[in-house]
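The next block holds one structure in the form of structure tokens; read it before the comments.
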Amino acid sequence: MKKGLFYLMVLVFVFLGNPILRGEQDCEEGQKCSKKKVRKIKKEINLLNLMNGLNLSADQIKELLKLAKDLKALGEEMGILKKKEISKEAQNKKLQLLKEIQERILQGQEIPIRLRKELISLQRQTNPYPTREEKRKFLKYIKEMEEKASKILTKSQKEVLATYKPCLIPPKNLKDPVRIGQAEVDGKYYKILKKLRKLPNWKYDFLEEAILDELIEKYEFHHGKYEKKERKKIFSKLQEIALKTRKLTDVQFEIQKSKLEKEIKQVL
Numbered sequence: 017m018k019k020g021l022f023y024l025m026v027l028v029f030v031f032l033g034n035p036i037l038r039g040e041q042d043c044e045e046g047q048k049c050s051k052k053k054v055r056k057i058k059k060e061i062n063l064l065n066l067m068n069g070l071n072l073s074a075d076q077i078k079e080l081l082k083l084a085k086d087l088k089a090l091g092e093e094m095g096i097l098k099k100k101e102i103s104k105e106a107q108n109k110k111l112q113l114l115k116e117i118q119e120r121i122l123q124g125q126e127i128p129i130r131l132r133k134e135l136i137s138l139q140r141q142t143n144p145y146p147t148r149e150e151k152r153k154f155l156k157y158i159k160e161m162e163e164k165a166s167k168i169l170t171k172s173q174k175e176v177l178a179t180y181k182p183c184l185i186p187p188k189n190l191k192d193p194v195r196i197g198q199a200e201v202d203g204k205y206y207k208i209l210k211k212l213r214k215l216p217n218w219k220y221d222f223l224e225e226a227i228l229d230e231l232i233e234k235y236e237f238h239h240g241k242y243e244k245k246e247r248k249k250i251f252s253k254l255q256e257i258a259l260k261t262r263k264l265t266d267v268q269f270e271i272q273k274s275k276l277e278k279e280i281k282q283v284l
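So the sequence shown is residues 17 to 284, counted in the numbering used here.
Shown next as structure tokens:
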């Protein structure tokens with residue numbers, strides 16, 4: 017399991033279920049926070065610094081929160097993130113059964129197999145903690161979530177996760193746009209692709225040729241004219257990149273923007 021991506025999921029859990037970050041008071045007024053609470057706040061500050069350093073886009077946050085909510089729900093259901101809720105009916109059944117077993121022991125009677133099996137079954141039903149099987153299932157699910165989270169993040173964001181060191185005061189380079197995803201590729205080709213994505217289909221069909229021609233002309237102005245046959249070939253390849261770009265979701269586009277820019281550079 018990659019430490020960085022798992023750390024990211026922990027980060028999102030903090031925002032889903034932590035009272036401090038929802039504006040609730042963790043310590044009563046006039047009461048000193050215990051060492052445990054101080055450690056907890058320090059961890060939260062570390063996670064806040066990490067989140068700020070990632071520069072996640074609104075779409076990325078939306079996708080990651082969705083994953084974290086699913087994971088949190090499963091963890092609570094299995095008693096991993098909080099104790100399972102046990103029904104009063106099951107608790108009362110167990111109490112009655114234990115009293116019956118106690119009475120039999122006091123009378124020197126043997127405990128029949130039926131009661132033993134029933135007790136084992138009720139012990140499982142009233143156990144608020146996860147079983148081994150549930151723990152295995154949860155860990156497997158975490159790995160699946162990790163893979164999905166990996167597809168949402170850009171290469172540079174994953175690099176930030178992999179190299180991040182917990183800190184209370186964030187280093188200056190943590191918000192360096194060269195290192196982090198959102199400002200990774202804000203070049204001229206990126207802006208053109210972004211513009212093409214925003215166009216409705218009817219407008220794109222009308223303006224596609226003019227926009228791509230202008231792109232080629234700007235390149236030719238600095239590097240010399242293409243032969244007619246070569247220019248046609250380049251236009252066709254740029255058209256493919258543009259159409260591919262328009263089919264991507266917002267998250268996919270943010271992740272692949274660097275690759276798309278490189279593709280344009282290779283074509284021109």
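Note that the Cβ used here is the ideal one computed from N, Cα and C, for glycine as well.
Proximity winner among the options, relative to residue i (alpha-carbon distances)
i    : options                   : result
F237 : L284, P216 and S274       : L284
L231 : K214, I250 and E243       : I250
K210 : S252, E149 and K273       : K273
L64  : Y180, K207 and Y220       : Y180
A226 : Q255, K241, K214 and K59  : Q255
A178 : L66, K214, Q112 and Q125  : L66
N71  : L215, L169, D221 and K275 : L169
Q282 : Y205, K245, T265 and Q112 : Y205
L131 : G124, Q123, I117 and E279 : I117
L81  : K53, K58, K164 and L113   : K164
Burial state of residue i, where buried means 16 or more other Cβ atoms lie within 10 Å
i    : result
G69  : buried
G197 : Any reading at G197 is ruled out, since the residue's pLDDT is 42, under 50, leaving its predicted position unreliable.
P146 : buried
I121 : exposed
T265 : exposed
F269 : buried
V267 : buried
Is it the case that the segment 105-115 contacts the segment 135-145, given that we only count it when at least three CB pairs across the two stretches are under 8 Å? Because the criterion of three Cβ pairs below 8 Å is met, the segment 135-145 and the segment 105-115 touch.
Below 8 Å, how does it come out for the segment 162-174 and the segment 68-82: are there three or more Cβ pairs, yes or no? Output reads yes: the segment 68-82 touches the segment 162-174.
Counting beta carbon pairs with one atom in the segment 152-165 and one in the segment 79-92, are three or more of them shorter than 8 Å? By the Cβ test, the segment 79-92 is in contact with the segment 152-165, since at least three Cβ pairs between them sit closer than 8 Å.
Which residue spans inside the segment 228-276 form an unbroken alpha helix (DSSP H) run of at least 4? The segment 228-276 is shown to contain whole alpha helix (DSSP H) runs of 4 or more residues at 244-263, in chain order.
Those runs of the alpha helix (DSSP H) which lie wholly inside the segment 107-167 and span at least 4 residues: Listed in chain order, the complete alpha helix (DSSP H) runs (minimum 4 residues) inside the segment 107-167 are 129-141.
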